[in-house]
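Residue numbers (this note's numbering): 1 to 490.
All C-beta atoms in this analysis are idealised placements derived from N, C-alpha and C, irrespective of residue type, glycine included.
Predicted model, so just to flag it, every value in this text is computed and none were measured.
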């Protein structure tokens with residue numbers, strides 16, 4: 001207060017005007033910023049959560065449609081007729097033996113075609129004896145429909161009838177293959193298989209990959225997700241039972257991620273087989289990535305939506321691996337990701353079933369919860385993550401929609417800068433206005449003070465010239481009258 005006593009009226013007026021104005025501006029700016037920030041943040045969170053929910057609902061609808069298809073097909077006359085024919089014909093093949101030349105040709109297919117291609121997508125070197133068919137029926141089918149089939153691998157389904165197979169199986173295949181093939185192509189399945197529920201042998205395969213003829217209970221692919229799931233399905237008692245085997249790098253398809261839907265086939269109340277539909281992740285990726293047009297779906301420059309499986313590895317494509325694989329792999333190396341994981345991503349060209357997602361949002365979604373959090377994603381980047389579960393039968397995935405926090409909060413920072421600039425401009429304007437106002441208000445006081453000083457010094461002809469009609473003008477006229485009265489008295 002002692003400091004204020006030394007200040008002039010003009011300075012005090014300036015400080016008063018500035019204090020009142022700046023306090024008002026600061027209060028309004030703070031209220032505006034907080035309110036605007038909350039509104040922007042809430043709007044963006046709702047937008048991100050909306051994307052996550054929409055993607056989840058679309059994926060669930062696709063899985064529900066898949067469920068309806070496999071149950072409908074397993075209950076069809078075509079599936080029942082095919083299961084009866086191939087099951088009986090397959091069992092008759094146990095008495096068939098390949099010649100040494102045919103055995104060599106089958107072996108050469110594995111050594112020169114299948115294993116070299118498989119080795120490109122798997123770590124280490126595949127061992128021949130781990131994949132060769134063992135039983136006479138397995139060898140017979142794989143020779144006539146794979147090794148002796150002139151079509152390239154994974155296109156063996158183009159052979160409707162084997163010219164070398166004169167067995168009852170060959171007759172059944174020539175008669176039924178085109179019908180199963182039409183269904184597989186119509187619904188976009190990679191493979192359609194019929195499995196004997198007693199032995200879990202694949203008695204028919206549309207695609208004719210190396211799981212054809214093998215047992216999913218004891219064969220080389222029994223330890224896969226489809227092998228473990230079909231062993232549970234074998235215990236089904238309901239004609240409309242249904243299960244999904246989660247996506248995994250499936251070796252008969254050269255390590256490409258595949259999922260399976262299955263439903264039992266009943267014949268007069270007795271289960272005789274299981275229908276397997278093999279489907280790739282491609283259609284799911286199209287939905288999750290918006291056909292690889294993330295920005296068009298409102299995910300900006302860094303947003304993406306992806307799926308995480310129960311093992312916490314990704315089940316869909318990464319935007320960053322797709323758009324900049326070199327930079328993405330460099331980021332993984334910088335973050336200290338396991339070199340084996342990086343090597344797997346490089347070999348298969350995507351992150352599916354490889355990159356681990358250890359974020360709180362993924363953990364909560366896999367526990368059946370949903371919401372939105374700020375977390376560190378699989379790249380080690382700070383992101384805003386909307387999460388939720390996707391449940392169907394025994395399958396649970398986590399569906400995450402995320403965007404880098406730097407991009408998510410950029411509008412808020414821009415809004416804050418705008419508020420700061422506007423508040424600063426208003427403060428400068430108020431300062432200039434305060435200077436002008438204080439000058440205008442204190443000028444009459446200075447005139448009166450000068451007149452009083454002269455009058456006190458003995459001058460009697462003092463007249464102050466204040467023409468305003470306000471209180472200062474009245475005070476000037478009173479001063480002039482007082483000075484005139486003093487002059488007259490003297």
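### Query
With 16 other CB atoms within 10 Å as the buried threshold, where does residue 123 fall?
As a first step, residue 123 must be located in the chain shown, where it is residue number 123. Answer is exposed; the Cβ neighbour count stays below 16.
### Query
Hey, residue 399 and residue 423 are a contact pair by Cβ (cut 8 Å); roughly how many whole angstroms apart?
Along the chain shown, one-based indexing puts residue 399 at 399. Along the chain shown, one-based indexing puts residue 423 at 423. 42 Å between Cβ atoms; not a contact.
### Query
Are the beta-carbon atoms belonging to residue 279 and residue 259 less than 8 Å from one another?
As a first step, residue 279 is located in the chain shown; it is residue number 279 there, counting from the start. As a first step, residue 259 is located in the chain shown; it is residue number 259 there, counting from the start. Less than 8 Å separates the beta-carbon of residue 279 from that of residue 259.
### Query
For residue 377 versus residue 402, is the C-beta spacing smaller than 8 Å?
Sequence index remark: in the chain shown, residue 377 carries index 377 (1-based). Sequence index remark: in the chain shown, residue 402 carries index 402 (1-based). The criterion of a C-beta distance shorter than 8 Å is satisfied by residue 377 and residue 402.
### Query
Whose C-alpha, out of 290, 194, 223, is nearest the C-alpha of residue 70?
For the purposes of this step, residue 70 is identified with residue 70 of the chain shown, where counting begins at 1. Residue nearest to residue 70 within the set 290, 194, 223 is 194 (criterion: CA-CA distance).
### residue 174 to residue 163 span [Cα, whole Å]
Counting from one through the chain shown, the residue named residue 174 turns up at place 174. Counting from one through the chain shown, the residue named residue 163 turns up at place 163. So the two alpha carbons sit approximately 10 Å from each other.
### Message
Going by DSSP, what residue range makes up the beta strand (DSSP E) through residue 150?
### Response
The residue given as residue 150 occupies position 150 in the chain shown. It is not in any beta strand (DSSP E) - residue 150 carries neither H nor E in the DSSP assignment.
### Query
How many angstroms separate the CA atom of residue 100 from the CA atom of residue 261?
Within the chain shown, the letter at position 100 stands for residue 100. Within the chain shown, the letter at position 261 stands for residue 261. The alpha-carbon atoms of residue 100 and residue 261 are separated by roughly 38 Å.
### Message
Going by C-alpha to C-alpha distance, which of 385, 307, 134, 281 sits closest to residue 210?
### Response
Locating residue 210 in the chain shown gives position 210, counting from the first residue. Ranked by Cα distance from residue 210, the options 385, 307, 134, 281 are led by 134.
### Task
Using DSSP bridges, identify the partner residues of residue 397.
Here the question's residue 397 lines up with position 397 in the chain shown. DSSP lists 390 as the beta-bridge partner residues of residue 397.
### Query
How about residue 160 and residue 90: do their beta carbons lie closer than 8 Å?
Here residue 160 refers to the residue found at position 160 of the chain shown. Here residue 90 refers to the residue found at position 90 of the chain shown. Residue 90 is positioned such that its CB atom lies no closer than 8 Å to that of residue 160.
### Task
Closer than 6 Å by C-beta to residue 247: which residues in its own chain qualify, once you throw out the five before and the five after it? Chain order, please.
Stepping through the chain shown from its first residue, residue 247 is reached at position 247. Cβ neighbours of residue 247 within its own chain (closer than 6 Å, five residues either side excluded): 257, 259, 281, 315.
### Task
Pick out whichever of 462, 97, 320 has its Cα sitting closest to the Cα of residue 381.
Here residue 381 corresponds to residue number 381 of the chain shown, with the count starting at 1. Among 462, 97, 320, the Cα nearest to that of residue 381 belongs to 320.
### Query
By how many angstroms is the C-alpha of residue 312 removed from the C-alpha of residue 120?
Taking the first residue of the chain shown as position 1, residue 120 is located at position 120. Taking the first residue of the chain shown as position 1, residue 312 is located at position 312. Here the alpha carbons of residue 312 and residue 120 stand approximately 25 Å from one another.
### Message
Out of 432, 481, 387, 453, which one is the CA nearest neighbour of residue 55?
### Response
Locating residue 55 in the chain shown gives position 55, where the first residue counts as 1. With distances taken between CA atoms, residue 55 lies nearest to 387 out of 432, 481, 387, 453.
### Message
For a test of the three-state rule: what should DSSP assign to residue 306, helix, strand or coil?
### Response
The residue labelled residue 306 in the question sits at position 306 within the chain shown. Strand.
### Message
In this structure, how does DSSP classify residue 222 when only helix, strand and coil are distinguished?
### Response
Within the chain shown, numbered from 1, the residue matching residue 222 stands at position 222. Note: residue 222 maps to coil in three-state DSSP.
### Task
May I have the straight-line CA-CA distance separating residue 224 from residue 171, to the nearest angstrom?
The residue you call residue 224 lines up with position 224 of the chain shown. The residue you call residue 171 lines up with position 171 of the chain shown. Taking the straight line joining both Cα atoms gives about 31 Å.
### Query
Looking at C-alpha atoms only, which residue of 307, 298, 294 is the closest neighbour of residue 323?
Stepping through the chain shown from its first residue, residue 323 is reached at position 323. Looking at the Cα atoms, 294 is the closest of the given residues.
#### Entry: Contacts around residue 158, its chain only, beta-carbon distance under 6 Å, and the 5 residues preceding and following it disregarded
Walking along the chain shown from the start, residue 158 turns up at place 158. Around residue 158: 151.
### Message
Let's see if you can read the secondary structure: which residues bound the alpha helix (DSSP H) around residue 210?
### Response
Stepping through the chain shown from its first residue, residue 210 is reached at position 210. Per DSSP, residue 210 belongs to no alpha helix (DSSP H) and is neither H nor E.
### Task
May I have the straight-line CA-CA distance separating residue 480 from residue 436, to the nearest angstrom?
Here residue 480 corresponds to residue number 480 of the chain shown, with the count starting at 1. Here residue 436 corresponds to residue number 436 of the chain shown, with the count starting at 1. Those two C-alpha atoms are separated by around 27 Å.
### Inter-residue spacing [alpha-carbon to alpha-carbon] between residue 446 and residue 465
As a position in the chain shown, residue 446 is number 446, starting the count at 1. As a position in the chain shown, residue 465 is number 465, starting the count at 1. Cα to Cα, the separation comes out at about 12 Å.
#### Entry: Beta-ladder partner(s) of residue 204, from DSSP
Mapped onto the chain shown, residue 204 falls at position 204. Residue 204 pairs with 194.
### Query
What did DSSP end up calling residue 242 once you bin it into helix, strand or coil?
The residue you call residue 242 lines up with position 242 of the chain shown. Note: residue 242 maps to coil in three-state DSSP.
### Range of the contiguous alpha helix (DSSP H) that encloses residue 512
No information on residue 512 is available, as it lies outside the stretch 1 to 490 that the chain covers here.
### Task
Quick one: measure Cβ to Cβ for residue 59 and residue 284, integer angstroms, because I've assumed they're closer than 8 Å.
Stepping through the chain shown from its first residue, residue 59 is reached at position 59. Stepping through the chain shown from its first residue, residue 284 is reached at position 284. Going by Cβ atoms, the distance from residue 59 to residue 284 rounds to 6 Å, so yes, they are a contact pair.
### Query
Going by other Cβ atoms of all chains shown within 10 Å of its Cβ, with 16 needed for buried, is residue 233 buried or exposed?
Against the chain shown, residue 233 aligns to sequence position 233. Classification for residue 233: buried.
### Query
Should residue 44 be labelled buried (16 or more other beta-carbon atoms within 10 Å of its own) or exposed?
Locating residue 44 in the chain shown gives position 44, counting from the first residue. So residue 44 counts as buried.
### Message
On the DSSP bridge list, what partners appear for residue 374?
### Response
Here residue 374 is taken as the residue at index 374 of the chain shown, counted from 1. Paired residue(s): 384.
### Message
Which complete alpha helix (DSSP H) runs does the segment 46 to 116 hold, if anything under 4 residues is left out?
### Response
The segment 46 to 116 contains, as complete alpha helix (DSSP H) runs of 4+ residues, the segments 77 to 92, 100 to 109 (chain order).
### Query
From which residue to which residue does the beta strand (DSSP E) around residue 256 run?
Along the chain shown, one-based indexing puts residue 256 at 256. Where residue 256 is concerned, the enclosing beta strand (DSSP E) starts and stops at 256 to 267.
### Query
Looking at the unbroken alpha helix (DSSP H) that takes in residue 141, where does it start and where does it end?
Along the chain shown, read from residue 1 onward, the residue named residue 141 stands at position 141. 136 to 142 is the extent of the alpha helix (DSSP H) around residue 141.
### Same chain only: Cβ atoms within 8 Å of residue 428, ignoring 5 sequence neighbours per side
In the chain shown, residue 428 corresponds to position 428, counting from 1. If we look at residue 428 and ignore the five residues flanking it on each side, it has no Cβ neighbours.
### Task
Please name the residue, chosen from 34, 453, 27, that lies closest to residue 416 on a Cα-to-Cα basis.
The sequence position of residue 416 within the chain shown is 416, counting from 1. The shortest C-alpha separation from residue 416 is found at 34.
### Message
Could you give the first and the last residue of the continuous beta strand (DSSP E) run that contains residue 280?
### Response
Sequence index remark: in the chain shown, residue 280 carries index 280 (1-based). Where residue 280 is concerned, the enclosing beta strand (DSSP E) stretches over 270 to 280.
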